[in-house]
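Down below is the structure, laid out as structure tokens.
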Amino acid sequence: MIRTFHLTVFLSLTVFLSAQNTLDSVKVSATRLPVKLYESGKNITVISQQDIRQLPVNTVDELLQYVGGININSRGAFGVQADIGMRGSTYSQVLVLVDNQRINDPLTGHYNNNIPVPMSEIHHIEIVRGSAAASFGADAVGGIIHIKTKAYESLNSEHVFTASQGNIGFGDHKLTATDLQVQEQGSKFGFTASMKSAVSDGEQLVNPNFVQAGRGDSLYNTNFDIKTYTAALTYKTKNWKAYARGGIDARDFNAKYFYTANPFDESREETRAYWTQGAFIHENDASRTEFTASFKKSTDEFVFNPLFPANNHTIQRVNASLFQQRDWKGIKLNYGIQTDWQDIESNDRGDHTRLSNAAFILGHKTIDQLSLNGGLRLESSEQIGIQLIPQLNVAYRENQTVLRSSIGRAIRQADFTEQFNNNNTANVLALRSVGNPDLESENSWNFDLGVDQYWNNIKLSNTIFGRSSSNLIDYILTNSADISNLDNLQDTTNYFYTQNLKETFTFGNELSLQYNKRFAFSNLLARVNYTYIQTNSPDSVVSKYISNHPIHNVNAMVDYTYRGVGLNVGGNLITRDSDEIPSVDGAIPSSYAVLNARLTYTANLLPISVYIDVRNLLDTQYQEILGARMPGRWILGGIRWQISSYKLKPFIP
Numbered sequence: 110m111i112r113t114f115h116l117t118v119f120l121s122l123t124v125f126l127s128a129q130n131t132l133d134s135v136k137v138s139a140t141r142l143p144v145k146l147y148e149s150g151k152n153i154t155v156i157s158q159q160d161i162r163q164l165p166v167n168t169v170d171e172l173l174q175y176v177g178g179i180n181i182n183s184r185g186a187f188g189v190q191a192d193i194g195m196r197g198s199t200y201s202q203v204l205v206l207v208d209n210q211r212i213n214d215p216l217t218g219h220y221n222n223n224i225p226v227p228m229s230e231i232h233h234i235e236i237v238r239g240s241a242a243a244s245f246g247a248d249a250v251g252g253i254i255h256i257k258t259k260a261y262e263s264l265n266s267e268h269v270f271t272a273s274q275g276n277i278g279f280g281d282h283k284l285t286a287t288d289l290q291v292q293e294q295g296s297k298f299g300f301t302a303s304m305k306s307a308v309s310d311g312e313q314l315v316n317p318n319f320v321q322a323g324r325g326d327s328l329y330n331t332n333f334d335i336k337t338y339t340a341a342l343t344y345k346t347k348n349w350k351a352y353a354r355g356g357i358d359a360r361d362f363n364a365k366y367f368y369t370a371n372p373f374d375e376s377r378e379e380t381r382a383y384w385t386q387g388a389f390i391h392e393n394d395a396s397r398t399e400f401t402a403s404f405k406k407s408t409d410e411f412v413f414n415p416l417f418p419a420n421n422h423t424i425q426r427v428n429a430s431l432f433q434q435r436d437w438k439g440i441k442l443n444y445g446i447q448t449d450w451q452d453i454e455s456n457d458r459g460d461h462t463r464l465s466n467a468a469f470i471l472g473h474k475t476i477d478q479l480s481l482n483g484g485l486r487l488e489s490s491e492q493i494g495i496q497l498i499p500q501l502n503v504a505y506r507e508n509q510t511v512l513r514s515s516i517g518r519a520i521r522q523a524d525f526t527e528q529f530n531n532n533n534t535a536n537v538l539a540l541r542s543v544g545n546p547d548l549e550s551e552n553s554w555n556f557d558l559g560v561d562q563y564w565n566n567i568k569l570s571n572t573i574f575g576r577s578s579s580n581l582i583d584y585i586l587t588n589s590a591d592i593s594n595l596d597n598l599q600d601t602t603n604y605f606y607t608q609n610l611k612e613t614f615t616f617g618n619e620l621s622l623q624y625n626k627r628f629a630f631s632n633l634l635a636r637v638n639y640t641y642i643q644t645n646s647p648d649s650v651v652s653k654y655i656s657n658h659p660i661h662n663v664n665a666m667v668d669y670t671y672r673g674v675g676l677n678v679g680g681n682l683i684t685r686d687s688d689e690i691p692s693v694d695g696a697i698p699s700s701y702a703v704l705n706a707r708l709t710y711t712a713n714l715l716p717i718s719v720y721i722d723v724r725n726l727l728d729t730q731y732q733e734i735l736g737a738r739m740p741g742r743w744i745l746g747g748i749r750w751q752i753s754s755y756k757l758k759p760f761i762p
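Note that our numbering has the sequence shown beginning at 110, numbered continuously upward.
Written out as structure tokens, the structure is:
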């Protein structure tokens, strides 16, 4: 069945090889400087609101499963928790931004996908593959995911309008999913408010702990309750612009086997995040100056087993940047400073504070068909010392062909969990993850070489990439006898202990083919991405996450609309290293296919549509994290709307 799925998707695309698609002229901010996509020198995907509405998705991690070069290791449905990897990176090596502000969690990269804005508030998403550390700082190793909200993007628009967008759905396992947004934009003031909710009893499963050892209940549910609320204000005049946002993200979910394969694992987790961010912008004909800052406070209560005390953490983060953009002798420049303060209070990890500061300069120069993008960053903290981070991207355009290449350095310091997990816990049980307070910072060099070719209605892209890393951080199966800096472990017992791997090398290929054709009463969009990734690390090391990525990943999508009826079918075919732990029913298959579908009907002249989604249409039984079973076939349906009322400015002769 998997081979048939692969062949069918491939043939459905190649049959349409005829020919006029123009170069991507949309502007992106891959290096903080707004440049045309084909001038960036990077392999970039831009996802619009239209793309989001087409797909059977409710969350950003579900959306990213359709993007080449990204692998998602999920622990549940509807955004409960998922690790984001790019180009074979670990989940902590991808930087996630919202309106120029980083939202990566200082506690653990497992929370980096807890996006603090609903899908209805997203204007577009820029996905930049490869290192972007010179522009945006540490953690941008595999790439960045930059979410631009409707409120922030309205600062660059002259439209005056009122709009509302929504989605209300119901499905199997008592699922209720909502995503609502309203926006009012005047000539000076603007306001948006949105909320997202996903609540379900989840699937009911047999408890391996009860079967194997008589522990816990005989059954358990993968239930979840996720809610996000946010609102933003904007103000703009000819030269001044201001933007402020606040929000809350609350999650309560069954976390059984999310982090361990221990037979005592009966985990449940509850997280809360409160955040604010804002920006002040001044621009004139000569320059644009922007100050942007954010504050995030989050709490996490993790109950590994009701018989043991809960782990409680309170984390705070302040991030701020001041930068200016101007032209100098034909070169576009962006230069500035950045500071980042992190703090944790935890009964398990202890109390810690860290501070990082950086200065950067970025430049863009076009010489005929040649585009040069360079950057240099100086970053400093107690853990990494003083680090110099360079980046160079080159693009050359010849008619409808673009050749591009980039090379850059990236660094990452350990998060609080990697350093201090279970350090304050008495008598840590076997196979738990434990932190290492003596970790060194990661260092890597990234390079790629790619080509984009445009024909009529067709775009073909291919990129070869590689990353050489040293001191890469991962959880490595280690006997307590070999752990000298912790005294709370059981004798001669194995743990997943964070360590630095001295050398690793990742290489691969990203291939993408897209066809888009509009007919008299219909439209056809078809896309297929193939990603190959191979990571080489020391043969004797058994690590938890470094190689936990697909070797072959084919994701494809076909979207066809005829008058008011639309059908979207797509999914993933994945080949990876298999693994299993029978005691917890843990089994990662060597290959599996997951197919999703959406059928919609939109009434004529009405901005309202009804839909039916079928997730995991093939009812594939699979896991991406050992023990955390992914849902089988899941059916839901609902109603969506998008209403806009634009006010025209009066014509003055």
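Positions of the beta carbon are idealized from the N, C-alpha and C atoms, including for glycine.
- Message: Please report the distance separating the alpha-carbon of residue 509 from that of residue 137.
- Response: In the sequence shown, residue 509 corresponds to position 400, counting from 1. In the sequence shown, residue 137 corresponds to position 28, counting from 1. Whole-angstrom Cα-Cα distance: 19 Å.
- In whole angstroms, what is the alpha-carbon distance linking residue 617 and residue 727? Counting from 1 along the sequence shown, the entry for residue 617 is found at position 508. Counting from 1 along the sequence shown, the entry for residue 727 is found at position 618. Those two C-alpha atoms are separated by around 29 Å.
- Query: Among all the DSSP beta bridges, which residues are the ones paired with residue 688?
  - Reply: For the purposes of this step, residue 688 is taken as the residue at position 579 of the sequence shown. DSSP output for residue 688 lists 697 as bridge partner(s).
- Message: I need the straight-line Cα distance from residue 172 to residue 385, nearest angstrom please.
- Response: Taking the sequence shown and counting its residues from 1, the one referred to as residue 172 is at position 63. Taking the sequence shown and counting its residues from 1, the one referred to as residue 385 is at position 276. The C-alpha of residue 172 lies about 25 Å from the C-alpha of residue 385.
- Task: Run the CB neighbour count on residue 201, radius 10 Å, all protein chains shown included, and call it buried at 16 or more, exposed below.
- Result: By 1-based counting over the sequence shown, the position of residue 201 is 92. It counts as buried.
- Is it buried or exposed for residue 268, if we count other Cβ within 10 angstroms and need 16 for buried? Start at 1 with the first residue of the sequence shown, and residue 268 comes out as number 159. So residue 268 ends up on the exposed side.
- Secondary structure at residue 161, three-state DSSP: helix, strand or coil? Along the sequence shown, read from residue 1 onward, the residue named residue 161 stands at position 52. Helix.
- Unbroken alpha helix (DSSP H) run spanning residue 259, endpoints: Translated into positions along the sequence shown, residue 259 becomes position 150. Unbroken alpha helix (DSSP H) run through residue 259: 259 to 262.
- From what residue to what residue does the alpha helix (DSSP H) around residue 527 run? Your numbering for residue 527 matches position 418 in the sequence shown. Its alpha helix (DSSP H) spans residues 525 to 529.
- Helix, strand or coil for residue 321 per DSSP? Looking up residue 321 in the sequence shown gives position 212. In this structure, residue 321 counts as helix in the three-state DSSP scheme.
- Please say whether residue 227 and residue 337 have beta carbons closer to each other than 7 Å? Here residue 337 corresponds to residue number 228 of the sequence shown, with the count starting at 1. Here residue 227 corresponds to residue number 118 of the sequence shown, with the count starting at 1. In contact: residue 337 and residue 227 (Cβ atoms closer than 7 Å).
- Along the beta strand (DSSP E) that carries residue 467, what are the first and last residues, could you check? Walking along the sequence shown from the start, residue 467 turns up at place 358. It spans 459 to 476 - the beta strand (DSSP E) in which residue 467 sits, taken as one unbroken run.
- Query: Given 8 Å as the limit, is there contact between the segment 232 to 247 and the segment 280 to 294, that is, 3 or more CB pairs closer than that?
  - Reply: The answer is no - the segment 280 to 294 does not touch the segment 232 to 247, with fewer than three Cβ pairs under 8 Å.
- Message: Rounded to whole angstroms, what is the Cα-Cα separation between residue 224 and residue 356?
- Response: In the sequence shown, residue 224 corresponds to position 115, counting from 1. In the sequence shown, residue 356 corresponds to position 247, counting from 1. For residue 224 and residue 356, the distance between alpha carbons rounds to 11 Å.
- Query: Cβ of residue 396 within 6 Å of any heavy atom in the ligand FAD?
  - Reply: Judged by which ligands are present, the structure shown has none, so any question about the ligand FAD falls away.
- Task: Give me the Cβ distance between residue 238 and residue 152, rounded to the nearest whole Å; I'm assuming they're in contact under 8 Å.
- Result: Counting from one through the sequence shown, the residue named residue 238 turns up at place 129. Counting from one through the sequence shown, the residue named residue 152 turns up at place 43. At roughly 5 Å, the Cβ-Cβ gap stays under 8 Å, so residue 238 and residue 152 are in contact.
- Item | Reduced DSSP category for residue 650 - H, G, I as helix; E, B as strand; rest coil | If you number the sequence shown from 1, residue 650 lands on position 541. Three-state DSSP puts residue 650 in coil, outside helix and strand.
- Query: Can you give, in chain order, each stretch of the alpha helix (DSSP H) that sits fully within the segment 393 to 417 and has at least 4 residues?
  - Reply: The segment 393 to 417 contains no whole alpha helix (DSSP H) run of 4 or more residues.
- Item | Beta-carbon contacts of residue 525 that lie in its chain and below 7 Å, excluding the five residues immediately before and after | Mapped onto the sequence shown, residue 525 falls at position 416. Contacts found: 215, 216, 453, 458 and 461.
- Message: Applying the 10 Å Cβ sphere with the 16-neighbour rule, what's the burial state of residue 328?
- Response: Counting from 1 along the sequence shown, the entry for residue 328 is found at position 219. Exposed, since its Cβ has fewer than 16 Cβ neighbours within 10 Å.
- Message: What does the alpha-carbon distance come out to for the pair residue 646 and residue 555?
- Response: Along the sequence shown, one-based indexing puts residue 646 at 537. Along the sequence shown, one-based indexing puts residue 555 at 446. Approximately 16 Å between the Cα atoms of the pair.
- Message: Let me make sure I understand the geometry here. Which of 743, 235, 537 and 573 has the alpha-carbon closest to that of residue 703?
- Response: Residue mapping note: residue 703 aligns to position 594 of the sequence shown, counting from 1. Residue 743 is the option with its Cα nearest to residue 703.
- With distances taken between CB atoms, is the gap from residue 253 to residue 284 smaller than 7 Å? Walking along the sequence shown from the start, residue 253 turns up at place 144. Walking along the sequence shown from the start, residue 284 turns up at place 175. The answer is no: Cβ separation not under 7 Å.
- Task: Measure from the alpha carbon of residue 178 to the alpha carbon of each residue in 748, 282, 756 and 575, then state which is nearest.
- Result: Translated into positions along the sequence shown, residue 178 becomes position 69. Of 748, 282, 756 and 575, the residue nearest in Cα terms is 575.
- Compute the Euclidean distance between the alpha carbons of residue 654 and residue 673, then round it to the nearest angstrom. For the purposes of this step, residue 654 is taken as the residue at position 545 of the sequence shown. For the purposes of this step, residue 673 is taken as the residue at position 564 of the sequence shown. Approximately 45 Å between the Cα atoms of the pair.
- Three-state secondary structure (DSSP) of residue 751: As a first step, residue 751 is located in the sequence shown; it is residue number 642 there, counting from the start. Strand.
- Item | Environment of residue 326 [buried if 16+ CB atoms lie within 10 Å] | Your numbering for residue 326 matches position 217 in the sequence shown. Sixteen is the threshold: since fewer than 16 other Cβ atoms of the shown chains lie within 10 Å of the Cβ of residue 326, the residue is exposed.
- Message: Whole angstroms are fine: how far does the CA of residue 270 sit from the CA of residue 756?
- Response: Locating residue 756 in the sequence shown gives position 647, where the first residue counts as 1. Locating residue 270 in the sequence shown gives position 161, where the first residue counts as 1. If you take the alpha carbons of residue 756 and residue 270, they lie about 6 Å apart.
- Task: Taking 7 Å as the cut-off, decide whether the C-beta atoms of residue 530 and residue 544 are in contact.
- Result: Within the sequence shown, numbered from 1, the residue matching residue 530 stands at position 421. Within the sequence shown, numbered from 1, the residue matching residue 544 stands at position 435. Going by C-beta atoms, residue 530 is nearer than 7 Å to residue 544.
- Query: Considering residue 245, what are the terminal residues of the alpha helix (DSSP H) in which it resides?
  - Reply: Position 136 of the sequence shown, counting from 1, holds the residue named residue 245. Element bounds for residue 245: 242 to 245.
- The alpha helix (DSSP H) enclosing residue 170, as first and last residue numbers: Mapped onto the sequence shown, residue 170 falls at position 61. Segment 169 to 173, the alpha helix (DSSP H) holding residue 170.
- Look up residue 391 in the DSSP assignment and give the residues it is bridged to. If you number the sequence shown from 1, residue 391 lands on position 282. Residue 391 pairs with 349 and 398.
- Query: What are the partner residues of residue 235, as DSSP defines its beta bridges?
  - Reply: Taking the sequence shown and counting its residues from 1, the one referred to as residue 235 is at position 126. According to DSSP, which records beta bridges pairwise, residue 235 is partnered with 155 and 255.
- Query: Under a three-way DSSP split, which group does residue 422 fall into?
  - Reply: Looking up residue 422 in the sequence shown gives position 313. The answer is strand: DSSP assigns residue 422 an E or B state.
- Query: Shortest alpha-carbon distance to residue 229 belongs to which of 257, 221, 211 and 250?
  - Reply: For the purposes of this step, residue 229 is taken as residue 120 along the sequence shown, with counting starting at 1. If we check each option's Cα against that of residue 229, 257 comes out closest.
- Let me know if residue 317 comes out buried or exposed under the rule of 16 or more other beta-carbons within 10 Å of its beta-carbon. The residue you call residue 317 lines up with position 208 of the sequence shown. With 16 or more Cβ atoms within 10 Å of its Cβ, residue 317 is classed as buried.
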